[in-house]
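What follows is a set of notes on a single structure, which appears directly below.
Protein chains: 2
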Amino acid sequence: MASPDTRTQILDAAERLFAEHGYRGTSVRAITRLAGANLAAVGYHFGSKAELMAAVARRVVEPMNAAQRAGLDELLARTPDPTVGDLVEAFAGPMFDRMPAGDEGSARTSRLIVTILSDPAEEARNWTGPAEDSVRERYLAAFARALPDLAPQELRFRMRGILAVTAVDRLEAHQQPSPGCESPAAGEASRGWAITFLTAAMSAPPTRI
Amino acid sequence: MASPDTRTQILDAAERLFAEHGYRGTSVRAITRLAGANLAAVGYHFGSKAELMAAVARRVVEPMNAAQRAGLDELLARTPDPTVGDLVEAFAGPMFDRMPAGDEGSARTSRLIVTILSDPAEEARNWTGPAEDSVRERYLAAFARALPDLAPQELRFRMRGILAVTAVDRLEAHQQPSPGCESPAAGEASRGWAITFLTAAMSAPPTRI
DNA sequence: GTTTGATTCATACGTACGTTTCATTCAAAC
DNA sequence: GTTTGAATGAAACGTACGTATGAATCAAAC
Chain A
1 MASPDTRTQI LDAAERLFAE HGYRGTSVRA ITRLAGANLA AVGYHFGSKA
51 ELMAAVARRV VEPMNAAQRA GLDELLARTP DPTVGDLVEA FAGPMFDRMP
101 AGDEGSARTS RLIVTILSDP AEEARNWTGP AEDSVRERYL AAFARALPDL
151 APQELRFRMR GILAVTAVDR LEAHQQPSPG CESPAAGEAS RGWAITFLTA
201 AMSAPPTRI
Chain B
1 MASPDTRTQI LDAAERLFAE HGYRGTSVRA ITRLAGANLA AVGYHFGSKA
51 ELMAAVARRV VEPMNAAQRA GLDELLARTP DPTVGDLVEA FAGPMFDRMP
101 AGDEGSARTS RLIVTILSDP AEEARNWTGP AEDSVRERYL AAFARALPDL
151 APQELRFRMR GILAVTAVDR LEAHQQPSPG CESPAAGEAS RGWAITFLTA
201 AMSAPPTRI
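Structural data, given as structure tokens:
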């Protein structure tokens with residue numbers, strides 16, 4: 001299908017640059033330059049810049065989704081009614097765990113996910129498929145069982161909150177080395193902080209009208 | 001200084017387009033077209049696209065910061081030790097409240113703030129000044145008094161969480177009319193949901209190592 | 001009525017972009 | 001050794017961008 005892998009090197013370079021500068025802030029020329037490939041290679045292997053971004057997004061989002069799905073499966077195999085804390089851990093945990101790409105790749109992955117979620121480019125709406133939607137719906141149902149008093153709309157709001165907190169934390173962790181701040185330990189600790197923060201938030205009693 | 005206001009019309013148009021398509025996704029030509037102004041007007045009134053964005057950011061962020069500052073002042077005037085819930089309300093509330101621009105302007109304002117916070121463009125680092133940093137530091141100190149057991153780093157993480165939840169909620173509220181979902185009531189209710197969510201999250205006991 | 005200074009206008013400049021084209025390379029199949 | 005088809009390479013295409021220029025406009029000051 002490919003050589004020792006021009007294609008993969010383009011994917012790697014694109015992942016890094018898209019994460020750092022966004023979709024519109026990254027040129028095909030910069031990608032191929034970093035990948036050591038020819039400009040036309042993007043067209044040849046992916047068709048267009050947008051399809052390259054979709055391929056990058058797929059490669060990044062899929063393993064995280066698989067981890068979320070596996071976590072929920074394990075949880076439900078142990079007990080039909082997991083606690084809120086367990087659900088938060090299974091859902092948010094994978095966003096903090098190391099991805100196959102390695103150590104620094106982890107932060108970059110999360111940063112890229114934020115880019116995907118928040119990029120105002122119109123193309124961004126089609127970067128992710130319906131796969132992660134189905135995982136989210138499953139978690140939604142599980143949370144609904146654990147929080148029977150919560151209105152569906154408020155529950156949906158809170159699930160968005162989980163995404164927001166994890167994503168934005170990873171974002172700032174990556175893009176701002178923090179001016180005179182706590183970068184070293186924070187990277188390790190933020191996963192725990194997030195679980196604490198989000199478990200308490202999800203467990204809050206329903207908002208009274 | 002100006003006509004009935006080419007300058008203001010450019011600011012309005014830029015605010016809307018930057019919010020919808022991001023900094024890089026918005027061209028000076030699109031701005032001046034929407035504003036009914038000439039292409040060169042941006043250069044004349046603001047100097048450059050980047051300086052225009054800075055002016056837009058200033059105009060949007062300043063009143064929200066003022067509201068946050070005023071809320072904290074009022075709170076501290078009433079009691080030296082406000083509750084966590086009061087602080088959350090005073091800090092997060094203004095992000096949901098209507099801005100002078102009017103009804104739909106509110107969502108757009110919040111969306112723009114997200115753009116400012118999350119835009120990967122290098123220019124974005126200089127769009128906001130040190131003013132809002134000082135407000136955040138004051139809230140940080142107030143929260144620290146209300147949550148004496150919390151390590152400073154974890155507190156800082158949680159404050160980022162407030163920004164994340166409010167910002168991302170407004171983001172999705174504006175950019176996705178939600179496929180078959182709860183847009184109508186959600187706009188009204190999300191402020192309350194956010195306060196509930198964030199107050200519980202901020203009040204969580206410290207994370208055990 | 002003329003001058004003045006601020007604003008608007010049409011237009012051009014130089015650059016960078018995404019994409020396309022077509023020739024070239026190169027390892028494997030025959 | 002030749003053929004073949006995938007892969008790479010160098011270069012150009014047309015378009016859009018941010019910015020700059022200098023003439024035209026126009027209300028107010030004199």
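For the protein sequence lines, the chains are A and B, in the order given. In this text, residue positions in the first sequence follow full-length UniProt numbering: the first is 1, and each later residue adds one. In this text, residue positions in the second sequence follow full-length UniProt numbering: the first is 1, and each later residue adds one. All C-beta atoms, glycine included, are put in the ideal place defined by N, C-alpha and C.
- Residues of the region 187-205 of chain B with a C-beta less than 9 Å from any C-beta of chain A: Ala-189, Ser-190, Gly-192, Trp-193, Ala-194, Ile-195, Thr-196, Phe-197, Leu-198, Thr-199, Ala-200, Ala-201, Met-202, Ser-203, Ala-204 and Pro-205, listed in chain order.
- A direct Cα-Cα distance of roughly 13 Å separates B:Leu-155 from A:Asp-169.
- Straight-line spacing of the CA atoms in A:Ile-31 and A:Ile-116 works out to 17 Å.
- B:Arg-138 sits in a helix when the DSSP states are folded into three classes.
- Take the alpha-carbon of B:Val-135 and the one of B:Asn-126: they are about 17 Å apart.
- DSSP places B:Ile-209 in the coil class of the three-state scheme, outside both helix and strand.
- For A:Gly-192, the three-state secondary structure derived from DSSP is helix.
- In the assembly as shown, A:Asp-119 is a buried residue. Its beta-carbon has 16 or more other beta-carbons within 10 Å.
- In terms of beta-carbon proximity, B:Ala-37 stays away from the interface with chain A, with every pair separated by 8 Å or more.
- Nearest to B:Glu-123 by C-alpha distance, out of B:Arg-138, B:Arg-29, B:Glu-15 and B:Leu-52, is B:Leu-52.
- Below the 9 Å Cβ cutoff, chain B contributes no neighbours of A:Thr-128, its closest Cβ being approximately 13 Å away.
- Neighbourhood of A:Ala-121 in chain B, by CB distance below 9 Å: His-21, Gly-22, Arg-24 and Gly-25, in chain order.
- A straight-line Cα-Cα distance of about 8 Å links B:Ala-57 and B:Glu-15.
- Chain A places a beta carbon closer than 8 Å to that of B:Glu-154, counting this residue as a contact.
- In the DSSP annotation of this structure, the continuous segment of the alpha helix (DSSP H) that includes B:Asp-12 starts and ends at 6-21.
- In this structure, A:Ala-142 lies away from A:Asn-65, with their beta-carbon atoms at least 8 Å apart.
- The three-state secondary structure of B:Thr-109, taken from DSSP, is helix.
- Residue contact with chain A for B:Val-56: absent (no Cβ-Cβ distance below 8 Å to any residue of chain A).
- For A:Pro-63, the enclosing alpha helix (DSSP H) has its first and last residue at 49-78.
- Distance from the Cα of A:Arg-69 is smallest, within the candidate group A:Asp-149, A:Ser-190 and A:Phe-91, for A:Phe-91.
- If the five residues before and after B:Asp-133 are omitted, its C-beta is found closer than 6 Å to no C-beta atom of its own chain.
- Within its own chain, the residues whose Cβ lies closer than 8 Å to the Cβ of A:Ile-113, once the five positions on either side in sequence are excluded, are Val-60, Val-61, Met-64, Met-95, Ala-167 and Arg-170, listed in chain order.
- Between B:Val-88 and B:Ile-162, the C-beta gap is smaller than 8 Å, which places the two residues in contact.
- As the crow flies, the alpha-carbon of B:Ala-41 is around 17 Å from that of B:Phe-18.
- A:Tyr-139 is classed as buried because its beta carbon has at least 16 other beta carbons within 10 Å across all chains shown.
- Flagged as an interface residue toward chain B: A:Phe-157, by a C-beta distance shorter than 8 Å.
- Among the CB atoms of chain B, one or more fall inside 8 Å of the CB of A:Thr-207.
- Secondary structure of A:Ser-203 (DSSP, three-state): coil.
- Bounds of any alpha helix (DSSP H) do not take in B:Asp-119, whose DSSP letter is neither H nor E.
- Secondary structure note for A:Leu-34: its alpha helix (DSSP H) is the uninterrupted segment 28-35.
- Chain A places no beta carbon closer than 8 Å to that of B:Asp-97, leaving this residue out of the contacts.
- Taking a beta-carbon distance threshold of 8 Å, A:Arg-160 counts as an interface residue toward chain B.
- By the CB criterion at 8 Å, B:Ala-144 and A:Thr-196 fall outside the cutoff.
- Chain-ordered listing is empty here: chain B has no CB closer than 9 Å to the CB of A:Ser-48, the nearest sitting near 17 Å.
- For B:Ala-121, the closest C-alpha among the options A:Thr-6, A:Gly-22, A:Asp-81 and A:Asn-38 is that of A:Gly-22.
- Using a 10 angstroms sphere on the CB of A:Asp-86, the tally of other CB atoms reaches 16 or more, which defines it as buried.
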